[in-house]
Every structure is written in C-alpha cells, then in structure tokens.
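Undergrad:
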Amino acid sequence: LLARRRGGTAPPWGLLAALAALAVAGVLYRALLLPPYIVEVAHEAGVTPLMYFMTEWSAYLYYLRLFLWPNALVVDRLDYPLVHSLAQPQACVSLAVLVALGALAWRARERWPAVTFAALWYVVALAAESTIFRLAEPVNEHRPYLAMLGLGIAAGFVLWRLAGLVARRAQAPPAWVFAVVMTLVTSVLGAATVARNATWHDEYTLWLDALEKAPQNPRAWLNTGHAAMVRGNDAEARRLLLEAHRLRPCYAYVQMNLSALAVRQGDGDEALRWADEAVACNAGLALSHHYRGSALERLGRFDEALAEYRQTTAIDPQHADAWISAGRLLERNGVWDAAFAAYERAFAANPTDAEAAMLAGLVQHYQLRNPAGAVEWYRRVLRAVPTHYGAHYQLAIALLASGQERDARIAWNAFEPLAKAIGDRASLEGAPEVLRRPSAGGS
4 LLARRRGGTA PPWGLLAALA ALAVAGVLYR ALLLPPYIVE VAHEAGVTPL MYFMTEWSAY
64 LYYLRLFLWP NALVVDRLDY PLVHSLAQPQ ACVSLAVLVA LGALAWRARE RWPAVTFAAL
124 WYVVALAAES TIFRLAEPVN EHRPYLAMLG LGIAAGFVLW RLAGLVARRA QAPPAWVFAV
184 VMTLVTSVLG AATVARNATW HDEYTLWLDA LEKAPQNPRA WLNTGHAAMV RGNDAEARRL
244 LLEAHRLRPC YAYVQMNLSA LAVRQGDGDE ALRWADEAVA CNAGLALSHH YRGSALERLG
304 RFDEALAEYR QTTAIDPQHA DAWISAGRLL ERNGVWDAAF AAYERAFAAN PTDAEAAMLA
364 GLVQHYQLRN PAGAVEWYRR VLRAVPTHYG AHYQLAIALL ASGQERDARI AWNAFEPLAK
424 AIGDRASLEG APEVLRRPSA GGS
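Numbering (our numbering), first residue to last: 4 to 446.
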C-alpha cells in the first residue's frame, strides 16, 4: 500500500490522511463530546495533558513489550509512574526509541510496506487513549487490543520472512516451514491464553496476580483484600487492606472496606473510626458518607446517621441504598410522609429495587391509610420479583381494603399455593373471611 516502486504508483496519501484524521477524530470525540465532569473525574488530580502525553510515550513501548512477551499482563497498573518533565529518562528515552522505530518503519515503506502500515495502525489506534486525553491510569492491558491488529500484521510478515530464510537453508517449501512456525507460535500463545483465562476466572486470583506483578499498586491490595472478604477470610482481608492503607493512607475505598470488615467482626467503634477517616479523605464521595451513616446507625446514633444518609443523597441523588436507609430511620421517628418519599426516591433511582417498592407500599398501606395507592407498589414488587411472598399477601389484603373484592380474591388464589408450600398456616387462617371462603360464580 505504501510502496513507491520504479514505474509504480505514488503512495496513497489519501489513505494516510484518513488514518491521521481517524486518530484526530478519536481525540476530539473525547475532548469535545464528553461532559466536562466526566473529563474531570477520569484522571487523578494534578495530571496535566502534557504530563499524560509524555507518560504515554513509554506506554506505547510498554504495550509493544506486552505484545512481544506477554508475561507481564496485569489487570491494573495504578502504580505506573507518571512523567513530570521531559528531562526524565522515562520521557526522553522513550521518545528517542519511538522516533527511531518510526524512522525504521518509514524507511521500510518501499521494500516492506506492510511493516509501515502496521506501525501507522498501531499509533493511530492508540491515539485516543494515549495522547492528551487523560484517563484514570496511564496504561491498561485492554487498551491496545485494536492496535495489536497492526502489530499482528507486522509479526505475521516477520515470521513469513523468517520461514523463507529457513526454507532456503533447509531446501523445504516455504509454506510448510511457515505452517510449522505458526503452529509452534500459536501453541505457545494458546497455552499462555489458557493460563491467563484461569487467572481471570476467579476475582481473588486475578487481583492476587496484579498484587504480585505490581506490589506498589494500592488498588491491587485493596481489591485482593475485598476478594478475600468475599471468600470469608477476614484475617487475610485485614492484612491486605492494611497494606493498601500503608501504600496510600488517604484512599477512601480502603477505609470503607476496613469499616465493613470491622462491622463483620462486631467492632462498631472501629467501623466508625475507619468511616470517619474515609469521609476525611474524600468528603465529596457519596459512598463514604453512606458507610459513616451505617456505622453511626449500628452504634444507635440515629440522628447523626440520618444526617449522613441525607448528605449521601445530596451528593448522589441516585444512591438508592441511602434513600432506603434514611426511610427506615424516618419510619423509626414516625415521620411517615418523609419515609414514604424516601422510598419513592429509592425506587426512582433503581426501578428494579423490589425492597424499595415493598417498603413504600407498606408505609402507604398501613401508616398513610391508603391501600389503593399501595396496590400499585405491591404490583411493582411482583413485576420485579414475581415470586415475592410478602407482596402476594399484601396485594390481596390491600385490594380487599380498597373495595376491589374480585381482584383481591384473584390475588389471594395466587398467594394460597405459596403459603401451603411452606406450611404458613398462620397467614392462611388469619386472613379475612371473605378471602378464605370458597369463591362462588367466579366472584
């Protein structure tokens, strides 16, 4: 495509311009179309476009190294060093190597145009994520997937040339030699892929692998600790989370996990201490306030807990769990209208949340004395969870209380088999008589 041989056609500059335009378009898409708040939260504070751009010179070489020898694949590299000055070896040496590789690829355009095209593809495909648009971490192993199509072209071309050299020496058909080489290469890479898939199969092994390959990465320690908590290994989880805290003392997610771990171990005071530290580290993070509210609630400090839940929803109005927690405390205080409103907000934030709908229905039914309004809430629960036992029962009771006897009997007929299946005689025998008596004439 790029060759200009004697008597041949000129390089397709239109194609090259299109590739360059594609790279620019990717950068402009991120820079111009994404909301400003997305741009601000997508990277660490203090990282300028120039810093990120200089850091990405080494990222191009990092991805190239992973392609050639993928033993260092890791799910997260939060610890990847940032460049602050062009004088740093990471910046100037990486730039020099990239320029040298680019010059070699350009010189090869006449004799081996596939190599030049592969190099251009690699640069263009990574441009949107490895130039000036700042992301949360400088490198991530999934980013070069598209770019590696170009490297695959170059690798295939090199293997074909090597197979040709071997074939001439061995006086064998080049195609057969190439087939043998490709079989060996794909077998080795296939085995490596199987091993990598096994690592990805389990959250704990995935993050343990990241921890071992990037021991200065606090997020790897954090996520390994969280995975250990999920496994029920609290002692291991505490060790891992405390190391994450040592590496980054002000990392709110570490403190929140330590708070949750303290709750599991029944230490309410320690849970609050860690939650306090999480809020101090990141007061603008809604989740840290939710954890603090939960810790306060467990200690019986209900008014303070309610204030924290309100702060959570002030920061993040879509935090359904905080709305539910606030609603429960408002119920405890007998503020029924406000409790119902909180459950409404929880359901609006998450329309699949059966718990929020059920709580809203119960408050409207029994506290606000509006069984007709509660009917729709119970039906919302059943749309989310068709087998919800309590919603089936309450729907029949609410329909009857609102004067819809026919529909109440239909709802009760749906509830009866569920109650009989678990032996709930109390609910069956304690139901209003109109529901218990046999239907007549389909009414």
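Even glycine gets a Cβ: it sits at the ideal position worked out from N, Cα and C. Fair warning: this is a prediction, and the values are worked out from it, not measured in the lab.
Which whole-angstrom value describes the C-beta separation of Asn260 and Leu290, a residue pair presumed to lie in contact below a C-beta threshold of 8 Å?
TA: The residue you call residue 260 lines up with position 257 of the sequence shown. The residue you call residue 290 lines up with position 287 of the sequence shown. Cβ atoms of Asn260 and Leu290 stay farther apart than 8 Å, at about 11 Å.
Undergrad: So, using beta-carbon positions, are Asp79 and Asn220 closer together than 8 Å?
TA: As a position in the sequence shown, residue 79 is number 76, starting the count at 1. As a position in the sequence shown, residue 220 is number 217, starting the count at 1. Going by C-beta atoms, Asp79 is nearer than 8 Å to Asn220.
Undergrad: Taking the C-alpha atoms as reference points, what is the distance between Leu275 and Pro435?
TA: Looking up residue 275 in the sequence shown gives position 272. Looking up residue 435 in the sequence shown gives position 432. Leu275 and Pro435 have their C-alpha atoms spaced approximately 47 Å apart.
Undergrad: So, using beta-carbon positions, are Ala357 and Val384 closer together than 8 Å?
TA: On the sequence shown, position 354 is the one that residue 357 refers to. On the sequence shown, position 381 is the one that residue 384 refers to. Yes, they are a contact pair.
Undergrad: Would you mind working out which of Asn373, Tyr346, Ala213 and Ala375 sits nearest Leu362, comparing C-alpha positions?
TA: Mapped onto the sequence shown, residue 362 falls at position 359. Closest by alpha carbon: Tyr346.
Undergrad: If you run the structure through DSSP and keep just helix, strand and coil, what is Leu431?
TA: Here residue 431 is taken as the residue at index 428 of the sequence shown, counted from 1. Correct three-state label for Leu431: helix.
Undergrad: What alpha helix (DSSP H) runs, 4 residues minimum, are completely inside the stretch 193–259?
TA: 206–216, 221–234 and 237–250
Undergrad: Are Tyr207 and Thr186 touching if we call contact CB-CB under 8 Å?
TA: For the purposes of this step, residue 207 is taken as residue 204 along the sequence shown, with counting starting at 1. For the purposes of this step, residue 186 is taken as residue 183 along the sequence shown, with counting starting at 1. No. Outside cutoff.
Undergrad: Smallest Cα separation from Thr196: which of Gln268, Ala310, Leu76 and Glu300?
TA: Counting from one through the sequence shown, the residue named residue 196 turns up at place 193. From the listed residues Gln268, Ala310, Leu76 and Glu300, the smallest Cα separation to Thr196 is found for Leu76.
Undergrad: With H, G and I counted as helix, E and B as strand and the rest as coil, what does DSSP make of Asn416?
TA: Counting from one through the sequence shown, the residue named residue 416 turns up at place 413. Asn416: helix per DSSP, three-state reduction.
Undergrad: What is the DSSP secondary structure of Tyr392, reduced to helix, strand or coil?
TA: Taking the sequence shown and counting its residues from 1, the one referred to as residue 392 is at position 389. If DSSP states are grouped into helix, strand and coil, Tyr392 belongs with the helices.
Undergrad: Between which two residues does the alpha helix (DSSP H) harbouring Gln314 extend?
TA: Numbered from 1 along the sequence shown, position 311 holds the residue referred to as residue 314. Per DSSP, Gln314 belongs to the alpha helix (DSSP H) from Phe305 to Ile318.
Undergrad: Residues in its own chain within less than 6 Å of Cys81 by CB, not counting five upstream and five downstream?
TA: Position 78 of the sequence shown, counted from the first residue, corresponds to residue 81. In the sequence as presented, Cys is not what sits at residue 81; that position holds Leu. The residues are Glu140, Asn220 and Arg222.
Undergrad: Should Arg112 go down as buried or exposed, given a rule of 16 or more other Cβ atoms within 10 Å for buried?
TA: On the sequence shown, position 109 is the one that residue 112 refers to. Per the 10 Å Cβ criterion, buried.
Undergrad: Counting pairs of beta carbons, one from the stretch 241–251 and one from the stretch 94–112, are three or more of them closer than 8 Å?
TA: no
Undergrad: Is it true that the CB of Val126 sits closer than 8 Å to the CB of Ala157?
TA: Here residue 157 refers to the residue found at position 154 of the sequence shown. Here residue 126 refers to the residue found at position 123 of the sequence shown. Taking 8 Å as the Cβ cut-off, Ala157 and Val126 do not qualify as a contacting pair.
Undergrad: Below 8 Å, how does it come out for the stretch 327–334 and the stretch 298–316: are there three or more Cβ pairs, yes or no?
TA: yes
Undergrad: Taking the alpha carbon of Cys95 as the reference point, which residue from Val50, Ala377, Ala349 and Met57 has its own alpha carbon closest?
TA: Here residue 95 is taken as the residue at index 92 of the sequence shown, counted from 1. Selected option, being the one with the closest Cα: Met57.
Undergrad: Ignore the nearest five residues each way along the sequence and tell me which others in Met151's own chain have a CB closer than 7 Å to its CB.
TA: What you label residue 151 is simply residue 148 of the sequence shown in a count that begins at 1. The residues are Phe70.
Undergrad: Look up Asn143 in the DSSP assignment and say whether it is helix, strand or coil.
TA: The residue given as residue 143 occupies position 140 in the sequence shown. Coil.
Undergrad: In angstroms with no decimal places, state the Cα-to-Cα distance between Leu101 and Trp60.
TA: The sequence position of residue 101 within the sequence shown is 98, counting from 1. The sequence position of residue 60 within the sequence shown is 57, counting from 1. Between Leu101 and Trp60, the C-alpha separation is close to 7 Å.
Undergrad: Applying the 10 Å Cβ sphere with the 16-neighbour rule, what's the burial state of Val180?
TA: For the purposes of this step, residue 180 is taken as residue 177 along the sequence shown, with counting starting at 1. Result: buried.
Undergrad: Mapping DSSP to helix, strand and coil, what is Pro354?
TA: In the sequence shown, the residue the question calls residue 354 occupies position 351. It is coil, neither helix nor strand.
Undergrad: Could you tell me the distance, in whole angstroms, from the CA atom of Val366 to the CA atom of Arg382?
TA: Residue numbering aside, residue 366 sits at position 363 when the sequence shown is read from its first letter. Residue numbering aside, residue 382 sits at position 379 when the sequence shown is read from its first letter. Here the alpha carbon of Val366 sits roughly 15 Å from the alpha carbon of Arg382.
Undergrad: Determine the extent of the alpha helix (DSSP H) in which Trp115 is found, giving its start and end residues.
TA: Within the sequence shown, the letter at position 112 stands for residue 115. Careful: Trp115 lies outside any alpha helix (DSSP H) and carries neither H nor E.
Undergrad: Assuming Leu152 is part of the alpha helix (DSSP H), what are its boundary residues?
TA: The residue labelled residue 152 in the question sits at position 149 within the sequence shown. Note, Leu152: alpha helix (DSSP H), Met151 to Ala173.
Undergrad: Between the C-alpha atoms of Tyr55 and Gln397, what's the straight-line distance to the nearest angstrom?
TA: Indexing the sequence shown from 1 puts residue 55 at position 52. Indexing the sequence shown from 1 puts residue 397 at position 394. Cα to Cα, Tyr55 sits roughly 58 Å from Gln397.
Undergrad: Let's test the definition: count the other Cβ atoms within 10 Å of the Cβ of Asp272 and tell me whether it reaches 16, buried, or not, exposed.
TA: Within the sequence shown, numbered from 1, the residue matching residue 272 stands at position 269. Result: exposed.
Undergrad: Can you say whether Ala182 is buried or exposed, counting buried as having 16 or more other CB atoms within 10 angstroms of its CB?
TA: Numbered from its first residue, the sequence shown carries residue 182 at position 179. Ala182 should be labelled exposed.
Undergrad: So, at 7 Å on beta carbons, what are the nonlocal neighbours of Leu421 in its own chain, with the 5 sequence-adjacent residues on each side left out?
TA: In the sequence shown, residue 421 corresponds to position 418, counting from 1. Excluding sequence neighbours, Leu421 sits near Tyr392 and His395.
Undergrad: If you reduce the DSSP assignment to three classes, tell me which class Arg331 lands in.
TA: For the purposes of this step, residue 331 is taken as the residue at position 328 of the sequence shown. Of the three classes helix, strand and coil, the one that applies to Arg331 here is helix, per DSSP.
Undergrad: Does the separation of the CB atoms of Ala341 and Leu288 fall below 8 Å?
TA: Mapped onto the sequence shown, residue 341 falls at position 338. Mapped onto the sequence shown, residue 288 falls at position 285. Their beta carbons are not under 8 Å apart, which means Ala341 does not touch Leu288 by this criterion.
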